[in-house]
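Beneath this line is the structure, given in structure tokens, with notes to follow.
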Amino acid sequence: MDDETSAGGATSAEYQPWAEPWVAEPAAGRPAGPPPAVGPSDGVAGLPGAVAGVPGIPGAGRWSPGAGGGPARRLPAWLVVLWAAALAVLLAMVAVGVVLSARDRGPMAVGPVWSGELVSFMAPAAAGGSAIVLLRTGEDDRGTPITRIAALDPATGRERWSEPARVFSASTAEPFYPLVAEDGATVVWVRPLSADDANGMSVVAADADTGEQRWSYGQRIRVSSPPLLCQEESAICLVSGDGTGPSTRTVLDLGTGEVRVETQFRDGPYFEEIGENLFWSREGSRPDVVSRLTAVADDGTERWTKPTTETFGETAGGLMLFNFETTRQDDVYVAVAHHAFGGIYLERDPSRRIDEADRNIMVGLSAATGERLWTRPGATLGCVGIPFDPDHPVRCVFRGAYRGEVGLEGPADYGVTLEGFDLETGRATWSWDAGNALVLLGMSETRLVGLGQAGDAVQRVGDTHYALRLRGETVVLDLARGLVSGEPPATGWCTSYNPGYIKWPYPCALDQSDAAPPAPAEPGGALVGDHYVWLDKGGRVHGGAIAR
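Now the structure itself:
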């Protein structure tokens with residue numbers, strides 16, 4: 009049964025939510041999203057326990073009746089004194105809790121040592137004793153980047169080995185990032201046979217430190233979606249074809265490269281694996297494109313196939329199904345269909361309206377049957393600058409509409425709500441209305457200046473904490489609980505993009521300029537022994553030594 013969830017917690021027109029941080033108890037008369045459930049083991053800002061009198065602390069500031077509802081028992085005087093002292097210490101910890109947790113924990117600091125000139129298309133990844141990067145070395149006569157995978161010595165930046173690598177394919181918008189597997193011992197990537205994509209590719213596995221090839225699969229295959237680690241990270245799942253007939257999904261043993269399972273799909277020629285054992289196929293020419301979702305078992309047996317119109321519902325005419333994002337929680341797939349449109353659709357009909365609710369549609373699907381369990385129109389997995397974390401699911405829910413008379417500078421009546429949500433039910437666990445924050449729509453810094461929102465930014469300042477700087481004010485977002493009180497540090501991690509929409513994190517100051525890393529952060533770079541490797545805003549590679 010399809011359950012359409014609601015945003016909940018929308019703020020009134022006169023209340024600007026960024027002017028004051030959200031706390032567990034909303035200010036009187038001001039609407040707030042539902043506070044998250046807090047259990048006895050939940051503390052504030054990552055602290056290990058709970059404290060009386062503070063949100064999230066059971067029994068705070070009150071006496072409990074004795075058994076049977078009788079009067080409260082009087083505690084011994086020494087215990088009262090001890091409790092009061094402990095309470096004072098813990099309250100002081102809570103007062104600075106967000107600030108402490110917002111800074112990457114630990115006494116380590118990074119001292120810059122070296123920097124390179126080449127640009128990487130991915131954040132460095134630790135593999136063995138090396139830092140793996142994807143370097144741009146030039147471009148071909150069609151403007152396609154020429155790239156190679158390289159293993160760098162983290163202490164000096166010197167290349168230990170490098171090989172040609174394919175990042176982009178004509179059949180998919182998703183980049184082919186190298187995979188690090190077997191506890192960092194092995195790297196897997198897509199290698200072109202020539203600069204011409206039509207000549208095919210192969211999938212290669214090599215030793216992370218030496219580059220010695222372990223195995224290679226394929227000679228002239230066309231990889232149609234990024235290879236995935238699958239079957240509990242013991243295999244590589246790969247979809248390929250020749251561009252004319254049905255595609256083939258191959259499961260390769262990670263250790264040997266031998267084929268475990270091979271499945272040929274009846275649809276084609278475009279077939280992409282958008283999640284483990286979940287596929288998107290499309291065939292035909294516009295406007296008569298037929299698009300389907302298909303799920304298979306580990307042995308390649310088809311479990312179900314459905315038209316995307318049945319899965320996601322009918323969408324606004326003229327929109328183009330662009331790509332998907334997916335995640336899985338037990339027996340539920342959570343999928344988002346992204347639609348794109350060009351200015352021509354608005355120019356032909358100036359009165360036309362294209363709703364944000366039609367451009368992104370989130371659904372929960374039964375992995376066993378494909379039945380749609382719930383729907384959230386206008387939602388995306390994570391937000392711009394806030395990568396999706398399946399352990400702390402957050403979505404951006406957009407509203408407003410594009411109209412011909414306003415051009416493509418942004419939707420009219422635009423707004424965005426951030427929500428924590430349950431992956432299985434789609435229900436919101438907390439909600440905060442960020443108003444018309446265009447930075448969450450992915451607007452560039454230049455466009456934000458032109459639209460009066462200069463300086464707005466999203467900055468990661470902790471494991472689950474983000475600072476949102478909107479209209480000169482700053483709020484702190486905890487992915488698990490929503491807005492929390494606290495002052496973020498001056499440096500954190502921002503997100504940079506290149507023209508091909510490849511994105512990577514970089515250490516940044518309040519104005520989004522480059523900064524030294526505040527501390528080693530796993531999502532931001534590669535921590536290898538006593539050295540850390542990261543990218544700057546322009547994608548150049550830097551390395552530093554760890555001071556403890």
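Note that my numbering has the sequence shown beginning at 9, numbered continuously upward.
For each residue, glycine too, the CB sits at the ideal point set by N, CA and C.
Note that the structure is predicted; figures quoted are calculated from it, not measured.
Between Thr319 and Leu301 the beta-carbon gap is near 5 Å, inside 8 Å, which marks them as a contact.
By the 16-neighbour rule on beta-carbons within 10 angstroms, Glu281 is buried. Shortest Cα-Cα distance from Leu329 to any of Gly308, Trp288 and Gly470 involves Trp288. Of all alpha-carbon atoms in Arg228, Pro385 and Leu246, the one lying nearest the alpha-carbon of Pro235 is that of Leu246. Checking the DSSP bridge columns, you'll see Met130 has no partner listed. Under the three-state reduction of DSSP output, Gly500 falls in the strand class.
Under DSSP, no beta-bridge partner is assigned to Lys545. Measuring C-alpha to C-alpha distances from Asp261 to each of Gly533, Thr313 and Ala189 identifies Ala189 as the nearest. Excluding residues up to 5 positions away in sequence, Arg156, Arg199 and Pro200 lie with their Cβ nearer than 7 Å to the Cβ of Pro172 in the same chain.
In this structure, DSSP gives Arg166 a state outside helix and strand, which the three-state scheme calls coil.
At least 7 Å separates the beta-carbon of Met116 from that of Ala529. Residue pairing of Gln337 in beta bridges, as defined by DSSP: Val340.
In this structure, Tyr341 is the residue among Val298, Tyr341, Glu495 and Trp223 with its C-alpha nearest to the C-alpha of Ala375. Comparing C-alpha distances from Phe406 to each of Pro398, His539 and Leu389 shows the shortest one belongs to Leu389. Of the residues assessed, Val304 falls on the buried side of the cut-off, its CB having 16 or more other CB atoms within 10 angstroms. Gly532 is bridged by DSSP to nothing; it lacks a bridge partner.
For Phe176, no beta strand (DSSP E) segment is defined, and its DSSP state is neither H nor E.
Below 8 Å, enough C-beta pairs join the region 493 to 513 and the region 542 to 551 to call them touching: three or more.
A residue is called buried once 16 or more other Cβ atoms fall within 10 Å of its Cβ, and Val297, having fewer, is exposed. With respect to the C-alpha of Glu333, the residue from Pro398, Thr271 and Ser123 having the closest C-alpha is Pro398. If you ignore the 5 residues before and after Thr152, its C-beta comes within less than 7 Å of the C-beta of Phe176, all in its own chain and listed in chain order. For Glu318, the enclosing alpha helix (DSSP H) starts and ends at Thr316 to Phe320. With respect to the C-alpha of Asp217, the residue from Glu167, Gln227, Ser224 and Met209 having the closest C-alpha is Glu167.
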